[in-house]
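In my numbering, the protein residues as written are 58 to 132.
We put the CB at the ideal spot given by N, CA and C, even for glycine.
All figures in this text were calculated on a predicted structure; none of them were measured in a lab.
I have placed the structure first, in the form of structure tokens, so that the comments after it can refer back to it.
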């Protein structure tokens with residue numbers, strides 16, 4: 058007796074995709090489904106004197122993630 062065949066997770070219903078196109082589709086699906094850590098800003102504490110802590114009062118915290126490069130333009 059053989060094991061039942063697994064259901065298709067992705068089914069192509071139209072067209073004739075190449076192996077490269079299927080690999081690109083799989084990479085996109087994996088990237089979208091990937092778990093991302095919860096971003097958290099740095100802990101605020103007593104500011105050090107001088108220029109060492111100047112950045113802390115001027116800019117927003119850097120957060121990772123999709124479209125993070127655009128965050129510098131949003132105010």
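Where residue i falls: helix, strand or coil (DSSP)
{"i": "residue 82", "result": "helix"}
{"i": "residue 76", "result": "helix"}
{"i": "residue 90", "result": "helix"}
{"i": "residue 123", "result": "coil"}
Straight-line gap, residue i to residue j (C-alpha atoms, nearest Å)
{"i": "residue 123", "j": "residue 91", "result": "12 Å"}
{"i": "residue 77", "j": "residue 64", "result": "23 Å"}
{"i": "residue 86", "j": "residue 127", "result": "23 Å"}
{"i": "residue 74", "j": "residue 88", "result": "20 Å"}
{"i": "residue 138", "j": "residue 80", "result": "Examination of residue 138 is not possible in this model, given that the chain is present from 58 through 132 alone."}
Residue closest to residue i, alpha-carbon to alpha-carbon, out of the options
{"i": "residue 66", "options": "72, 120 and 83", "result": "83"}
Cβ-based neighbour list, residue i, same chain, cut-off 6 Å, excluding 5 preceding and 5 following
{"i": "residue 71", "result": "none"}
Minimum Cβ-Cβ distance from residue i to chain B less than 7 Å
{"i": "residue 121", "result": "Here there is only one protein chain, and chain B is not present."}
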